[in-house]
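**Student:** Heads up: the protein sequence lines correspond to chains C and X, in order.
With UniProt numbering applied, the first sequence corresponds to residues 1 to 823, in that order.
With UniProt numbering applied, the second sequence corresponds to residues 1 to 637, in that order.
Heads up, the beta-carbon is just placed ideally off N, CA and C, and yes, glycines get one too.
Since the structure is predicted, the reported quantities are computational estimates derived from the model, not experimental observations.
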Amino acid sequence: MDPECSQLLPALCSVLADPRQPVADDTCLEKLLDWFKTITEAGSSLLLLQENPCLLGLLCHVLKPQDLSPRVLSFSLRLAGMLAAQEDCFQYLQQGELLPRLFGEAGPLGGAAWTAPSVRSGWIQGLRSLARHPSALCFLADCGAVDTIFSLQGDSSLFVASAAGQLLVHILGLSLQGPAEGHPGLQTGDWPVCAQKIVSHIEESLRSAATPQITQALNVLTTTFGHCHDPWTQVLWGRLSPLVACLLEKDPVPAAHSLVDLLLSVARSPVLSSSSSGLWETLAQTLSHLSPTQAGPLALGILKLQECPQVLRAQAFAVLLQPLTCVLEATAQAPGLLDSLDGTGGASVTVDTLLPSKAACVGLLCRTLAHLELLQPLPQRPSPWPQAPLLGATVTILRLCSGSATPTSDAGGHLCAFLVGCVRVQRAALDFLGTLSQGTGPRELVTQVFAVLLEYLTSPDSSPTVLKKAFQATFRWLQSSPETPGCSDLDPHAHLFLRELLPVLPKRLCSPCWEVRDSGLEFLTQMIGRWGGQAGFRRALLASEVPELTEQLLRDPESYVRASAVAAMGQLSSQGLRVTPASPEHPGGQQKSLLAELLHILSTDSEGFPRRAVMHVFTQWLRDGHADVAGDTERFVARVLQVASQDLDWEVRAQGLELALVFLEQTLGRPSSHCPYAVTPPVAAPPSSLAQALRPLCRVQLFEFAFRALFDCDRPVAQKSCDLLLFLRAQTASYGGPQGSGSVPEVASVEAALQRWQAGDQGQPLGYLEPEVVVAVLRSMDLEGLRGALAESSDRVEKSPQSLLQDVLATVGALGEDEADCY
Amino acid sequence: MKLYCLSGHPTLPCNVLKFKSTTIMLDCGLDMTSTLNFLPLPLVQSPRLSNLPGWSLKDGNAFLDKTELIDLSTVDVILISNYHCMMALPYITEHTGFTGTVYATEPTVQIGRLLMEELVNFIERVPKAQSASLWKNKDIQRLLPSPLKDAVEVSTWRRCYTMQEVNSALSKIQLVGYSQKIELFGAVQVTPLSSGYALGSSNWIIQSHYEKVSYVSGSSLLTTHPQPMDQASLKNSDVLVLTGLTQIPTANPDGMVGEFCSNLALTVRNGGNVLVPCYPSGVIYDLLECLYQYIDSAGLSNIPFYFISPVANSSLEFSQIFAEWLCHNKQTKVYLPEPPFPHAELIQTNKLKHYPSLHGDFSSDFRQPCVVFTGHPSLRFGDVVHFMELWGKSSLNTVIFTEPDFSYLEALAPYQPLAMKCIYCPIDTRLNFIQVSKLLKEVQPLHVVCPEQYTQPPPAQSHRMDLMIDCQPPAMSYRRAEVLALPFKRRYEKIEIMPELADSLVPMEIKPGISLATVSAVLHTKDNKHVLQPPPRPTQPTGGKKRKRASDDIPDCKVLKPLLSGSIPVEQFVQALEKHGFSDIKVEDTAKGHIVLLQEAETLIQIEEDSTHIICDNDEMLRVRLRDLVLKFLQKF
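#1: Helix, strand or coil for X:L17 per DSSP?
#2: Give a yes or no on whether the minimum CB-CB distance between X:G258 and chain C is below 8 Å.
#3: State yes or no: is the beta carbon of C:K507 nearer than 8 Å to at least one beta carbon in chain X?
#4: Does X:C450 come out as helix, strand or coil in the three-state DSSP assignment?
#5: If you measure between the beta carbons of C:A388 and C:P464, is that distance less than 8 Å?
#6: Quick check on C:A678: does DSSP put it in helix, strand or coil?
#7: Does C:V420 get closer than 8 Å to chain X when you measure Cβ to Cβ?
#8: Taking a cut of 8 Å between CB atoms, which residues from the segment 286-308 of chain X lie near chain C?
#9: On the three-state DSSP scale, how would you describe X:P277?
#10: Does chain X have any CB closer than 8 Å to the CB of C:H414?
#11: Roughly how many angstroms lie between the CA atoms of C:V449 and C:L264, to the nearest whole one?
#12: Give the single residue among X:G29, X:N263 and X:P47 whose Cα lies nearest to the Cα of X:I423.
#13: On a CA-only basis, which of X:L288, X:A187 and X:P192 is nearest X:K181? Give me that one, please.
#14: I'd like to check one pair, C:V640 with C:G656: are the Cβ atoms closer than 8 Å?
#15: Going by DSSP, what residues sit across from X:N203 in a beta bridge?
#16: Closest to X:A460 by CA distance: which of X:I248, X:A591, X:F322 and X:S297 is it?
#17: Helix, strand or coil for X:I295 per DSSP?
#18: Taking C-alpha atoms, which residue in X:K441, X:V483, X:S171 and X:L597 lies nearest to X:I469?
#19: Apply the 10 Å Cβ neighbour rule to C:R635 and answer buried if 16 or more other Cβ atoms are within range, or exposed otherwise.
#20: Within a Cβ cutoff of 7 Å, which residues of the same chain sit near C:G345, ignoring the five residues on either side of it in sequence?
#21: Below 8 Å on C-beta distance, what does C:P716 contact in chain X?
#22: Whole-angstrom Cβ separation of C:Q575 and C:I528, contact assumed at under 8 Å?
#23: Let me know the secondary structure DSSP gives C:R268 once reduced to three states.
#24: DSSP puts X:G593 in a beta bridge; with which residues?
#25: Taking buried to mean at least 16 other C-beta atoms within 10 Å of its own C-beta, is C:T680 buried or exposed?
#26: X:V176 lies in the beta strand (DSSP E); which residues open and close that run?
#27: The alpha helix (DSSP H) with X:Y91 in it runs from where to where?
#28: Any beta carbon from chain C within less than 8 Å of X:L266's own beta carbon?
#29: Return the residue from the list X:C370, X:F19 and X:V102 that minimises the CA-CA distance to X:D27.
#30: Taking the Cβ atom as the reference point for each residue, do X:L240 and X:V216 lie within a distance shorter than 8 Å?
#31: Please list, in chain order, all residues of the same chain as X:A323 whose beta carbon is under 8 Å from its beta carbon, the five residues on each side excluded.
#32: Note down, in chain order, all residues in the segment 380-411 of chain C with a beta-carbon under 9 Å from any beta-carbon belonging to chain X.
#33: Hey, which unbroken runs of the alpha helix (DSSP H) at 4 residues or more fall wholly within the segment 533-567 of chain C?
#34: Cβ-heavy atom distance between C:V72 and the ligand NAD below 7 Å?
#35: Does chain X have any CB closer than 8 Å to the CB of C:A417?
#36: For a contact meaning CB atoms closer than 8 Å, what does X:M420 contact in chain C?
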């Protein structure tokens with residue numbers, strides 16, 4: 001500990017010990033504990049105590065009967081535990097009988113302070129830190145702490161209860177670390193007393209009729225097997241598994257959720273899953289005993305296991321698929337679909353039992369779809385993957401939700417009544433449908449997929465979120481639809497779909513609901529990005545009203561929509577899909593060029609999103625050598641940088657640097673290396689001299705922009721600019737030749753200006769800089785140092801322990817007069 | 001209690017409730033779908049329409065969907081729930097001998113008057129040179145092409161009423177306010193409640209002291225312009241008559257409004273005109289409000305909106321003055337003070353213009369592309385006919401149907417072939433089935449009565465089990481021309497006791513908290529009020545004068561046997577019998593009580609909850625002994 005802190009510590013301790021000076025803020029106590037933790041981890045706790053007797057004083061002081069705040073008491077307990085984690089310090093504290101007085105029956109445990117959950121929690125956490133060595137175990141046994149922990153498992157505060165469970169796990173692990181290690185055959189009878197006590201408590205709880213107790217025991221076991229893979233866990237599971245199996249025989253199965261967690265934790269444990277014989281049978285039995293809602297997570301967990309018997313996997317998959325099987329059954333789908341879903345011989349479940357009420361039906365279907373969505377991309381997913389039936393079921397669910405399915409059975413009718421208009425199921429099903437696009441399916445099913453997607457995109461009843469998901473799923477399916485051999489255009493099938501989709505899109509772009517307009521534009525941007533070069537798509541798009549409407553949306557009242565419109569227009573223009581009709585209102589060339597329009601948005605839009613979008617479009621255009629830009633690149637870059645440097649939004653300025661970097665790379669004749677797919681713009685032969693190379697950069701005033709950004713009040717901008725200048729400096733070094741021989745006075749004046757900028761006065765512009773001056777300035781600047789300073793977080797000064805101590809003292813001291821919050 | 005169902009149209013109901021000697025008509029909607037069988041009435045002679053081949057049918061086109069189920073002159077009162085449900089009023093109050101009163105809220109009457117005025121104006125301004133009625137003859141009708149030959153009861157189709165009849169009918173209306181209690185002949189009390197569907201729209205509660213009937217017609221739970229629906233007052237009903245649910249249960253109004261706006265914007269942006277056939281009041285207010293918010297964002301600020309109706313001006317202005325009938329949001333605006341509806345601003349800024357008809361100012365102001373709101377939604381009369389003829393040929397234009405009352409395909413039939421785009425966005429804010437089931441769960445009526453259409457899924461979507469009323473016990477359904485006996489019996493009636501008679505009563509406590517007293521009195525009934533008065537004193541014989549028969553009966557009353565109460569504990573009764581020398585007693589338990597068998601005396605004593613029988617053979621002495629034993633266990637008074 002540094003001397004400054006040591007000096008402040010006594011004052012701090014006395015403040016904490018004074019009940020008249022309550023600590024207003026919990027977080028500073030937490031920060032203090034964090035600080036003590038780093039100190040004790042780095043050095044000797046004993047030494048710390050000896051050098052700072054005030055700490056011991058504080059610990060003794062809190063034991064006196066007084067009106068101390070629960071926070072400080074809790075803090076002291078945790079601090080004591082932290083210090084006692086080292087055995088020598090533990091012994092030292094034991095000498096003074098301090099620990100039994102803090103953690104034993106005589107301490108807060110019996111007092112009025114115990115009613116505060118924070119004190120109970122501090123007690124547990126203190127013990128948790130303390131229990132690190134065998135002496136601690138003896139201490140725990142002596143002061144009867146384990147029984148208290150047992151009772152705290154059922155504490156009214158969930159935090160306390162959960163911490164108590166974890167402490168038990170920790171103590172069990174600690175007590176078995178020494179003796180049982182390396183003796184897998186050791187019977188529990190030979191275990192240390194402490195361990196035996198915990199195990200019998202667990203056993204007792206498992207035999208109990210009260211569900212909360214069973215849950216506690218199961219949770220302790222789950223945590224144990226999840227964290228510890230020592231051989232003794234095998235012995236423990238061997239002893240307890242019959243009791244767990246007994247739980248399965250009850251009806252209904254108590255604490256099913258925790259039971260599932262435990263079984264999965266056992267199955268995941270490398271020690272247990274390989275050795276225990278009845279595990280797979282137990283899992284199979286559990287799968288068949290639990291209700292469909294409870295069995296879902298178990299089935300998913302089983303399917304995610306790396307190694308597991310094929311039969312069990314099949315059973316788990318059948319359980320997971322049950323709700324979908326039900327849907328297919330109730331809607332009397334083609335038997336072929338059913339067979340492949342139900343082929344595992346799982347007990348056929350009827351709609352009535354599986355989907356009894358609307359809430360249950362919706363919940364179960366949503367969960368099932370989410371589980372399957374998680375499973376689909378995994379390598380260990382069941383094989384063969386029933387792609388076709390899953391597609392069929394998902395399409396059916398979507399059609400039931402929209403009311404377009406025509407179930408013939410009563411069960412189907414009920415299902416339809418439950419699901420009609422249910423947005424939750426629609427969203428889940430559309431998400432899953434999108435995921436299913438990774439695989440293929442029979443032709444007629446794919447047709448149905450596109451039909452149902454079109455239905456959703458067309459329906460006025462689709463809610464904005466559903467519509468967004470429908471757009472996303474549509475894009476994924478279009479992307480996965482097979483391409484016509486020879487050209488990368490859409491296949492005829494998708495073309496037909498597109499022909500029907502394009503009339504829908506304008507309506508969506510005119511929707512009064514901005515979310516709909518926004519997702520419509522996003523979809524359009526994606527589509528153009530993917531197929532903008534394909535003749536068929538281009539024809540269809542140009543024949544529609546979409547490009548014109550998109551342009552109108554640049555003036556939308558909602559900023560998100562304007563931003564999406566900017567992105568879409570950028571794409572349209574890049575692909576040459578922007579229409580400039582000579583309508584009577586806009587004869588001939590009077591229509592504003594898109595570049596001018598986007599520049600207008602960049603300089604005038606009141607919201608950040610559209611301006612950021614414009615910067616992205618401009619960067620992309622520059623990268624791609626867009627025709628509007630390529631004509632006079634320097635003028636373009638100069639204009640954009642000028643506008644961007646004035647922007648109040650740091651993301652716009654940062655994006656300006658990105659654009660500057662692209663220009664820089666193009667000018668210096670080095671195509672950007674980090675984007676292998678970028679179209680390489682026609683680059684002039686690398687300029688021969690450094691000055692020649694830098695001159696265009698000087699002309700567009702790139703340096704003024706970059707230097708300004710270097711002292712930006714937003715750190716990301718400054719960092720980015722620093723990187724850019726460092727890159728540039730490295731580039732200039734590769735040229736060799738005349739090294740920064742600018743006239744000295746000019747360099748000095750620039751450096752003086754930069755210093756003023758750094759000091760916060762950015763009023764005066766630099767004006768045109770000669771390349772030589774730039775090189776000289778670059779070389780003289782300590783860019784590495786600046787980068788280091790920027791890399792440190794901005795609150796590094798305020799985070800020091802000294803500042804923390806001062807803050808605590810200041811807040812407590814000032815509490816009476818001034819309630820100002822110093823954080 | 002009976003319900004006579006005069007209309008088969010679920011949203012244009014007309015039912016008559018006979019309840020406690022009152023005859024109450026609930027709504028009188030006018031089903032005008034039969035106008036679709038006629039050709040449009042163009043304002044300007046249309047060569048195309050007049051040159052159509054075949055039947056030239058021109059007749060009045062307003063029709064009354066009624067049967068001779070009930071004599072309309074016996075109807076005591078008519079309760080109107082909203083302005084759409086009063087369009088047949090002149091047919092009922094005029095020329096039928098009706099002498100009763102009509103009850104409705106002020107906005108209902110005012111806007112109802114506007115709708116009727118518009119209808120009469122539309123019909124009367126294109127007088128027919130000739131009219132045919134021979135086709136109403138069943139033999140001739142049979143020869144007509146379908147669907148005319150299949151039309152039911154064409155003989156009851158009637159000409160449209162005149163303004164004079166409208167005025168006379170409206171003069172019979174008495175204005176009421178929400179929650180106002182109106183006594184009908186002392187027998188029942190009726191109360192209108194806000195129904196949330198339209199300005200001044202109401203549901204009705206009809207109750208006596210012990211019975212409550214709720215009449216729910218055209219209600220809405222959506223937040224639109226009217227005052228929200230009052231659900232709480234509908235609780236504890238014995239019968240809830242449920243009519244006027246949404247006609248398009250599958251279309252969600254929000255989605256439809258979105259669809260409406262999108263299509264409107266698309267058309268106008270392409271230089272086309274938009275025609276919205278609509279009623280002059282109701283949904284149009286909400287549409288104008290949506291457009292008010294939408295036009296700037298959609299860049300439509302320069303597009304003129306025209307509202308053409310003989311009552312356009314009155315409708316727009318009326319809506320602004322009924323502040324107390326509006327939703328809370330709009331009410332608060334009045335205190336700012338601001339007009340509650342934003343269409344005032346649209347008018348001020350010249351974005352919305354209104355005209356009484358095509359003629360006059362409109363023709364000089366008219367600018368295209370534009371949006372026109374005009375009637376009638378059936379496309380058979382009104383200014384809309386002209387715009388259909390004018391704009392129908394261009395595919396740039398769009399007609400957007402928002403009123404759900406008419407099939408849009410049938411409405412369009414006489415205009416085919418049509419190049420203009422047709423969009424169907426029916427906006428019906430009335431209750432849908434999900435809302436109904438929530439409402440019924442909340443209100444919990446003992447019985448629900450509704451049109452039969454609501455008890456099964458729509459024929460076109462027979463699998464949609466969600467599109468029907470699902471309640472327990474199942475709803476009773478009615479169809480046109482049916483008489484329904486409502487499923488509950490009146491069991492109690494409130495009777496007052498005169499103070500002097502009450503004074504003379506001597507109650508006797510028979511159980512803690514329950515006291516009884518016998519009363520002899522004369523029941524006096526007048527104006528559906530029942531009063532117990534002290535019996536007249538026994539009249540002195542007055543000699544030769546005739547005595548009333550009633551006073552003859554009074555002495556008989558005096559020998560009334562005392563009333564008995566209590567129950568007979570069988571074991572103690574048997575002990576008592578034994579004490580009195582009876583032996584060989586057997587007791588059998590029966591379903592209703594016990595039989596005590598005195599085998600020796602060959603006597604049976606049947607003890608049941610509310611009667612005791614002693615059965616013995618001609619031994620009166622024995623019977624009396626036993627009776628006295630039984631009586632010992634009972635209280636007398």
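**Tutor:** Concretely, from the data shown:
#1: strand
#2: True, the Cβ-Cβ gap to chain C drops below 8 Å.
#3: yes
#4: strand
#5: Contact flag unset, no.
#6: Its pLDDT being 47, under 50, C:A678 is placed unreliably by the model, and nothing is read from it.
#7: yes
#8: Per Cβ criterion, the list reads C290, Q293, Y294, D296, S297, A298 and G299.
#9: strand
#10: Taking Cβ atoms only, chain X reaches closer than 8 Å to C:H414, which makes this a yes.
#11: 35 Å
#12: X:N263
#13: X:P192
#14: yes
#15: X:L193
#16: X:I248
#17: helix
#18: X:K441
#19: Around the beta-carbon of C:R635, fewer than 16 other beta-carbon atoms lie within 10 Å, marking it exposed.
#20: At C:G345, the pLDDT of 41 sits below 50, so the modelled position is not reliable; the number obtained from the coordinates is stated separately. Counting only Cβ-Cβ distances below 7 Å, and skipping sequence neighbours, we find nothing.
#21: Identification of chain X residues near C:P716 by a Cβ-Cβ cut-off of 8 Å yields none; the smallest Cβ-Cβ distance measures about 34 Å.
#22: 6 Å between Cβ atoms; contact.
#23: In the structure shown, C:R268 sits in a helix (DSSP, three-state: H, G or I).
#24: X:E608
#25: Reliability of the predicted coordinates at C:T680 is poor, the pLDDT of 49 falling under 50, and the value obtained from them is presented with this limitation in mind. Taking all protein chains shown into account, C:T680 has fewer than 16 neighbouring C-beta atoms within 10 Å of its C-beta and is therefore exposed.
#26: For X:V176, the enclosing beta strand (DSSP E) stretches over residues I173 to V176.
#27: L89 to T93
#28: yes
#29: When the alpha-carbon of X:D27 is set against those of X:C370, X:F19 and X:V102, the nearest one is in X:V102.
#30: yes
#31: K330, Q331, V334 and P340
#32: Going along the segment 380-411 of chain C in chain order, one finds G403, A405, T406, P407, T408 and D410 with a Cβ nearer than 9 Å to chain X.
#33: 535-543 and 546-552
#34: With respect to small molecules bound, the structure shown includes none, and the ligand NAD cannot be examined in it.
#35: So yes, C:A417 belongs to the interface.
#36: What X:M420 touches in chain C: nothing, since even the nearest Cβ is about 16 Å away.
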